[in-house]
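Chemist: Using mature numbering (1 follows the signal peptide of the UniProt record, and there is no 0), the letters of the sequence shown map in sequence onto residues -27 to -1, 1 to 198.
Where is the CB? At the ideal position from N, CA and C, for every residue including glycine.
The following block contains the structure, expressed as structure tokens.
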Amino acid sequence: MNSRFLSLFRRSALLALLPLLAIAARAQTVTISFGAGTLYDGSGTMVPAGALVLLVADTNQDDFAAFTAGSSLAVGSYLNGDDQILGRAFTDSDATVAASFASIPLASNPSPGAFTALTTGDRLALVWFPQLDASTLFLSNGDAYGLFSSLSTTADGDPWTVPGAGGTIMINFLTLSVGGEHPETDGHAPLAAIPEPATFTLGLGGIVLLGAALRRFSRQRSAAR
């Protein structure tokens, strides 16, 4: 068998495999749709139209932690160590939102664009930012946000966990004002992004130094009396 024939054979075999690889990749994705409303800021005022809403997964299955300032708000990014953004949407004029994200790639997906930490069973959450919109690329220290994640398997649509490969789910977070079961206060945004760890540590160091300086000043004043 000559080298030219081998080359043609290998190329033909690869071309024959491509459709199978594409099918395998599609099989290792999920589709998640959601509806939410009414959403508010921390004071109970409805969020404006165009406010940023994220679908987020807890990829380490250790519950959702405080989000870190400086985090990218792009799909696929992490809002801290392991809470990953799966999709972005924006509120309507009545402070509600609905969106559907098809073909979200699981970690088992062979394609280069797979979410390498996303697996079946990871908890899901909706996160809304009353003061952020499509133009915001990164979280800043103090940015307010609200977060909702349901533990119910019936009250809020399908279970709020990543389905198995090829699965499709619909999840809902609806307050009483739009026919749901949740009080309006559940739709408030009482949380805020925290500084990056290095910045936070530096801040603590400054507090310690300030405390030491104040103690020295106090001793000096006492000695002078």
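Quick check on M19: buried or exposed, where buried means 16 or more other Cβ atoms within 10 Å of its Cβ?
Modeler: Around the beta carbon of M19, 16 or more other beta carbons sit within 10 angstroms, so the residue counts as buried.
Chemist: To the nearest angstrom, how far is it from the Cα of L147 to the Cα of A128?
Modeler: 10 Å
Chemist: Which of the three DSSP states, helix, strand or coil, is assigned to G130?
Modeler: strand
Chemist: Can you round the beta-carbon distance between S9 and P103 to whole angstroms, since I take them to be within the 8 Å contact cut?
Modeler: One point to set straight first is that residue 9 is Ala, not Ser, in the sequence displayed. Actually they do not touch by this definition, with Cβ atoms about 13 Å apart.
Chemist: Give every residue of the same chain whose Cβ lies closer than 6 Å to the Cβ of F63, excluding the five residues on either side of it in the sequence, and list them in chain order.
Modeler: G23
Chemist: Short of 6 Å in beta carbon distance, which residues of its chain neighbour V70, apart from the five on each side in sequence? Order them along the chain.
Modeler: So the qualifying residues of the chain are A9, V26, A62, T64.
Chemist: In terms of residues, what are the limits of the beta strand (DSSP E) holding I167?
Modeler: Neither: I167 is in no beta strand (DSSP E) and is coded neither H nor E.
Chemist: Kindly indicate if chain D contains any beta-carbon less than 7 Å away from that of T134.
Modeler: This model lacks chain D altogether; it includes just one protein chain.
Chemist: Give every residue of the same chain whose Cβ lies closer than 7 Å to the Cβ of T134, excluding the five residues on either side of it in the sequence, and list them in chain order.
Modeler: G94, D95, R96, L97
Chemist: Taking the alpha carbon of D131 as the point to measure from, which residue in I142, F37, T158, L124 has its own alpha carbon closest?
Modeler: I142
Chemist: In terms of alpha-carbon separation, which member of D67, A72, A39 lies closest to Q57?
Modeler: Closest by alpha carbon: A39.
Chemist: Just curious, the beta strand (DSSP E) that T158 is in, first and last residue?
Modeler: It is not in any beta strand (DSSP E) - T158 carries neither H nor E in the DSSP assignment.
Chemist: Pick helix, strand or coil for S150, following the three-state DSSP scheme.
Modeler: helix
Chemist: Residues in its own chain within less than 6 Å of H155 by CB, not counting five upstream and five downstream?
Modeler: T148
Chemist: Since Y118 is in the beta strand (DSSP E), which residue starts that stretch and which ends it?
Modeler: 117 to 121
Chemist: Can you find the residues in the same chain that come closer than 8 Å, C-beta to C-beta, to A138, ignoring five residues on each side of it along the sequence?
Modeler: Setting aside the 5 residues that flank it on each side, A138 is surrounded in the same chain by A(-1), Q1, T2, V3, L79, S81, T93, each with a C-beta closer than 8 Å to its C-beta; the list follows chain order.
Chemist: Comparing alpha-carbon positions, which option in S73, G140, A30, S45 lies nearest T89?
Modeler: Per the C-alpha coordinates, the member of S73, G140, A30, S45 positioned closest to T89 is A30.
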